[in-house]
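Student: One structure follows; several queries about it will come next.
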Amino acid sequence: MKTVYVDNNATTRVAPEVLEVMVPYFSEYYGNPSSMHFFGGQVQKKVDEARGKVAEFLGAEPSEIVFTSCGTESDNAAILGTLDSFPEKRHLISTRVEHPAVGNISTHLGRKGYRVTELSVDREGRLDLDELRESLTDQTTLATIMYANNETGVIFPIEEIGEIVKARGVPFHTDAVQAAGKIPLNMKKSKVDILSISGHKLHAPKGIGVLYIRKGTKFSPFLIGGHQEKGRRGGTENVPYIIGLGKACELAQKHLNEENTKVKALRDYLEAKLLEKIPNTLVNGELVHRLPNTTSLSFEYVEGESILLLLSDLGICASSGSACTSGSLEPSHVLRAMGVPFTAAHGSIRFSLSIYSTKEEMDYIIEHLPPIIQRLRDISPFWKDYLRAQGKV
Amino acid sequence: MWDYTEKVKDHFLNPRNVGEIENPDGAGEVGSLACGDALRLSFKLDEKKRIKDAKFKTFGCASAIASSSALTEIIKGKTLEEAAQVTNQDIADYLGGLPEEKMHCSVMGREALEAAIANYRGQKVTKEDFEVICNCFGVTDREIFKAVRENNLKTVEQVTYYTKAGGGCGQCHPKIEAIIEKVKKEMEKEAPPPKPEKKKLTNIQKIKLIEETLGREIIPALKADGGDLDLVDIEGNKVLVALRGKCSFCPSSEFTLKQYVESKLREFVSDDIEVEEVRP
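And the structure:
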């Protein structure tokens, strides 16, 4: 059975070029970059080189790059590290559609007595910037607002948001885990103070993340230990993964145009064909300001896990915002925040493409998904009720 | 990914008895679009009042569809009295088991069956007759009681897995805990827990059992009276303990040791246990 992998917002294939540059740093050049001897020193040089590549990719200075273990660590460090620097202020602004790496820590802080404002989104997944303006106070410690949504791909107007937040003198963090590699990022021209990215979403391996911290931003380390990362993150550098991430950022920069042309065209093709072939299908989230690789579709009157398993049976790997796939009982918090009706929220499927996706793969999905939806609708009690109500049977 | 059995996969990929019976003798529907799963069951009886045909339509995940399919297979050929005895565990067993988080799918099957039988008998099961405990998923006290009793559920998390109750905002958790407690008391009254059989224990088993018995049976009772006890050592069958708190200067400590601690350990661990007090 062939594998059609369209779940790249969950994780991506490690690029062969990335793996290749990593391998020597496991058992050949295994020195500790902090060591005084030549053996560690040569590794230090390579780590610096990788840091330079990541910095270039983000339009940042190398000294502004801190390596972490993952996106979640970056997000946690950004929030806790800022809060720790302003102990007198106790107000956090976030949104209702953040990834759990931000959302759950906000909830946690709320329980500990912080005031947390979670900005709402409209039916299309857009923020109301007036709500943001009204939420900012002199007590606000940090605004943390994601760059692009992992489920719908909706991109927030981060620079406009940054403008508003910075005008009030409030530090601004963004979780750019899904944005990095899909849309251009340039910290030199940005209002963002702190930004998180994750290696495995852009063809580096799992287990490496980045925290960009703008020069001059107050920040207390989250992992307290050695002097590594200029005292901003203790722990011996994860050398092979850092080298790999450097390469991945170099490739991502090179592929950025392809993401927004080839990948986007494939996504648009898949989406248009599925909408055409499957009645009662909705796109979740606004269409324009959206990651080029992502589409979230809801198939009414059927349930997402069933769709996923039938797709999986054919080798197609996607994901769903339905309740059953998460082990929770409610559909995704993102779709609920958007007010997607239950008829559709339980039947949502996210396809997320990559530069490795092909037209043949899209055609394979377009061929097999419509009968799957029909089959489940034939089993669903609500489909016939719907047709009856429409006078179609 | 869920770890579904081959049987679950089979009944999901090839569901039996999909459809709706025209002019059924009994029909029942439980769940809703909002809840994320729903099951509509209908059946027809033969002249001997056995279920001749049963059909289902289900909106839900793989295990919901498989549970519905299994249910129809289980009840075919049964009288209504026999069918009424089918439990959610029977449905899960038929499928070779379900992940615990998905047990609510089997409960949905049992509830649909109950509703269909009640419909045949002209009875009406309405939620209004009972108190809704979980507002997020509209689960009543009756449903929770039943699930807790039949499946011997011990935690709120388990109740959520089986009935969905408590899986939303979480406000009803204290009420669910109260139901679990109530059922536990009821069941204890009905059947006192059987005494564990004593068999020859290895030293490690014995030490573990002594620790467990102290922790479960003895120390809580001492603490209730302001006392406490530490296990100091175990030499063969001799259990050396140190009394703490009020027990350490209680005139009846000797009595406590022999009559209470020793007799409990003999009851649960081994008949030849001797308890001795070590004084600091």
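If you read the protein sequences in the order shown, they are chains Y and Z. Note that the working numbering gives residue 299 to position 299 of the first sequence, counting from 1, and the numbers run on in steps of one. Note that the working numbering gives residue 1047 to position 47 of the second sequence, counting from 1, and the numbers run on in steps of one. Idealized CB from N, CA, C, for every residue including glycine. This one's a predicted model, so the numbers in the text were calculated from it and none came from an experiment.
1. Given that Asp-313/Y touches chain Z, what residues does it touch there, using C-beta distances under 8 Å?
2. Mapping DSSP to helix, strand and coil, what is Ile-1065/Z?
3. Is Lys-1055/Z helix, strand or coil by DSSP?
4. On the DSSP bridge assignment, give the partners of Tyr-212/Y in chain order.
5. Of the residues that make up the segment 1060-1072 of chain Z, which ones have a beta carbon closer than 7 Å to any beta carbon in chain Y?
6. Which value, in whole angstroms, describes the spacing of the CA atoms of Glu-1274/Z and Leu-1257/Z?
7. If you reduce the DSSP assignment to three classes, tell me which class Tyr-5/Y lands in.
8. In this structure, does DSSP put Asp-1271/Z in helix, strand or coil?
9. CB-CB under 8 Å to Gly-207/Y, same chain, minus the five flanking residues each way: which ones, in chain order?
10. Please classify Glu-229/Y as buried or exposed, where buried requires at least 16 other C-beta atoms within 10 Å of its C-beta.
11. Going by C-alpha distance, which of Glu-1029/Z, Pro-1024/Z, Cys-1105/Z, Cys-1035/Z is nearest His-346/Y?
12. Looking at C-beta atoms only, is the number of pairs between the segment 1099-1106 of chain Z and the segment 1072-1080 of chain Z that lie closer than 8 Å three or more?
13. Starting from the beta carbon of Phe-1137/Z, find every residue of chain Y whose beta carbon is closer than 8 Å, and list them in chain order.
14. Taking the alpha helix (DSSP H) that Phe-39/Y falls in, what are its first and last residues?
15. I think Leu-376/Y touches Val-283/Y, with their Cβ atoms under 8 Å apart; what is that distance to the nearest whole Å?
16. Quick one: which unbroken beta strand (DSSP E) runs of 3-plus residues sit fully inside the segment 72-131 of chain Y? Chain order, please.
17. Using a Cβ cut-off of 8 Å, pull out every chain Y residue sitting near Thr-1058/Z, in sequence order please.
18. Just to confirm my understanding: we take Gly-153/Y, look at its own chain, exclude 5 residues before and 5 after, and list those with CB closer than 6 Å. What are they?
19. For Glu-1157/Z, I'd like the list of residues in its chain whose CB is within less than 6 Å of its CB, leaving aside the five on either flank, ordered along the chain.
20. Quick one: list the residues of chain Z neighbouring Val-302/Y, beta-carbon separation under 8 Å, in chain order.
21. How far does the beta strand (DSSP E) with His-333/Y in it reach, from first residue to last?
22. Below 6 Å CB to CB, which residues in the same chain sit around Met-22/Y once its five sequence neighbours on both sides are set aside?
23. Check each candidate in Glu-64/Y, Gly-304/Y, Gly-40/Y and name the one with the smallest Cα separation from Ser-27/Y.
24. Return the residue from the list His-91/Y, Tyr-269/Y, Glu-151/Y that minimises the CA-CA distance to Gln-139/Y.
25. Measure how close the beta-carbons of Met-187/Y and Tyr-212/Y come, nearest whole angstrom, since I'm counting them as under 8 Å.
26. So what does DSSP say about Ile-349/Y, is it helix, strand or coil?
27. Count the other CB atoms within 10 Å of the CB of Ser-306/Y; is the residue buried (16 or more) or exposed (fewer)?
28. Counting only beta-carbon atoms, is Asp-1037/Z nearer than 8 Å to chain Y?
29. Measure the C-alpha to C-alpha separation of Gly-209/Y and Ser-74/Y and round it to an integer number of angstroms.
30. Nearest to Phe-172/Y by alpha carbon, out of Gly-162/Y, Ala-180/Y, Leu-309/Y, Gln-178/Y?
31. Kindly indicate which three-state DSSP category Ile-394/Y falls into: helix, strand or coil?
32. List in chain order: all unbroken beta strand (DSSP E) runs of 3+ residues lying wholly within the segment 1073-1159 of chain Z.
33. My understanding is that Leu-119/Y touches Glu-131/Y, with C-beta atoms under 8 Å, so please give their C-beta distance in whole angstroms.
34. Which residue marks the beginning of the alpha helix (DSSP H) containing His-255/Y, and which one marks its end?
35. With a 10 Å radius around its C-beta and 16 neighbouring C-beta atoms as the bar for buried, classify Gln-178/Y as buried or exposed.
36. Please work out which residues of its chain come closer than 6 Å, Cβ to Cβ, to Val-1278/Z, disregarding the five sequence neighbours upstream and downstream, and give them in chain order.
Tutor: Let me spell this out:
1. For the purposes of this step, residue 313/Y is taken as residue 313 along the first sequence, with counting starting at 1. The answer, in chain order, is Leu-1013.
2. For this step, residue 1065/Z is matched to residue 65 along the second sequence. Of the three classes helix, strand and coil, the one that applies to Ile-1065/Z here is helix, per DSSP.
3. Sequence index remark: in the second sequence, residue 1055/Z carries index 55 (1-based). Strand at Lys-1055/Z.
4. Looking up residue 212/Y in the first sequence gives position 212. Per DSSP, Ile-65/Y, Leu-195/Y.
5. Sequence-ordered contacts of the segment 1060-1072 of chain Z with chain Y read Gly-1060, Cys-1061, Ala-1062, Ile-1065 [C-beta pairs closer than 7 Å].
6. What you label residue 1274/Z is simply residue 274 of the second sequence in a count that begins at 1. What you label residue 1257/Z is simply residue 257 of the second sequence in a count that begins at 1. Distance between the alpha carbons of Glu-1274/Z and Leu-1257/Z is about 10 Å.
7. Within the first sequence, the letter at position 5 stands for residue 5/Y. Of the three classes helix, strand and coil, the one that applies to Tyr-5/Y here is strand, per DSSP.
8. On the second sequence, position 271 is the one that residue 1271/Z refers to. Coil.
9. As a first step, residue 207/Y is located in the first sequence; it is residue number 207 there, counting from the start. In its chain, beyond the 5 residues on either side, Ser-69, Cys-70, Gly-199, His-200, Asn-238, Tyr-241 have a beta carbon closer than 8 Å to the beta carbon of Gly-207/Y.
10. Taking the first sequence and counting its residues from 1, the one referred to as residue 229/Y is at position 229. Buried: at least 16 other Cβ atoms inside 10 Å.
11. Numbered from its first residue, the first sequence carries residue 346/Y at position 346. When only C-alpha atoms are compared, the closest one is Cys-1035/Z.
12. no
13. Start at 1 with the first residue of the second sequence, and residue 1137/Z comes out as number 137. In chain order: Leu-329.
14. Translated into the one-based positions of the first sequence, residue 39/Y becomes position 39. Run containing Phe-39/Y: 38-58, per the alpha helix (DSSP H) assignment.
15. For the purposes of this step, residue 376/Y is identified with residue 376 of the first sequence, where counting begins at 1. For the purposes of this step, residue 283/Y is identified with residue 283 of the first sequence, where counting begins at 1. Their Cβ separation, rounded to whole angstroms, is 19 Å, which puts Leu-376/Y and Val-283/Y out of contact at 8 Å.
16. 91-95, 115-119
17. On the second sequence, position 58 is the one that residue 1058/Z refers to. In chain order: Ile-379, Ser-380, Pro-381.
18. Along the first sequence, read from residue 1 onward, the residue named residue 153/Y stands at position 153. The residues are Arg-290, Leu-291, Thr-294.
19. Counting from one through the second sequence, the residue named residue 1157/Z turns up at place 157. So no residue of the chain qualifies.
20. Here residue 302/Y corresponds to residue number 302 of the first sequence, with the count starting at 1. Within 8 Å Cβ-Cβ: Phe-1059.
21. Stepping through the first sequence from its first residue, residue 333/Y is reached at position 333. It is not in any beta strand (DSSP E) - His-333/Y instead sits in the alpha helix (DSSP H) that spans 333-338.
22. Taking the first sequence and counting its residues from 1, the one referred to as residue 22/Y is at position 22. Taken in chain order, the residues that qualify are Pro-240, Ile-243, Gly-244.
23. Residue mapping note: residue 27/Y aligns to position 27 of the first sequence, counting from 1. When only C-alpha atoms are compared, the closest one is Gly-40/Y.
24. On the first sequence, position 139 is the one that residue 139/Y refers to. Nearest of His-91/Y, Tyr-269/Y, Glu-151/Y to Gln-139/Y, Cα basis: His-91/Y.
25. The sequence position of residue 187/Y within the first sequence is 187, counting from 1. The sequence position of residue 212/Y within the first sequence is 212, counting from 1. Rounded, the Cβ-Cβ distance is 6 Å, consistent with contact.
26. By one-based count along the first sequence, residue 349/Y stands at place 349. Assignment of Ile-349/Y by DSSP, reduced to helix, strand and coil, places it in the strand class.
27. Here residue 306/Y corresponds to residue number 306 of the first sequence, with the count starting at 1. Label assigned to Ser-306/Y: buried.
28. For this step, residue 1037/Z is matched to residue 37 along the second sequence. Interface residue, yes.
29. The count along the first sequence starts at 1 and reaches residue 209/Y at position 209. The count along the first sequence starts at 1 and reaches residue 74/Y at position 74. Looking at the two C-alpha atoms, the distance is approximately 7 Å.
30. On the first sequence, position 172 is the one that residue 172/Y refers to. Comparing Cα positions, the closest option is Gly-162/Y.
31. Any question about residue 394/Y goes unanswered here, given that chain Y covers just 1 to 393.
32. Here the runs fully enclosed are 1132-1134.
33. Your numbering for residue 119/Y matches position 119 in the first sequence. Your numbering for residue 131/Y matches position 131 in the first sequence. About 5 Å separates the two Cβ atoms, so the contact holds.
34. What you label residue 255/Y is simply residue 255 of the first sequence in a count that begins at 1. Taken as a continuous stretch (DSSP letters only), the alpha helix (DSSP H) holding His-255/Y covers 239-258.
35. In the first sequence, counting from the first residue as 1, residue 178/Y sits at position 178. Classification of Gln-178/Y: buried, given that the 10 Å Cβ count is 16 or more.
36. On the second sequence, position 278 is the one that residue 1278/Z refers to. Excluding sequence positions up to five before and after Val-1278/Z, its CB lies within less than 6 Å of the CB of Val-1232, Leu-1240, Ala-1242, all in the same chain and listed in chain order.
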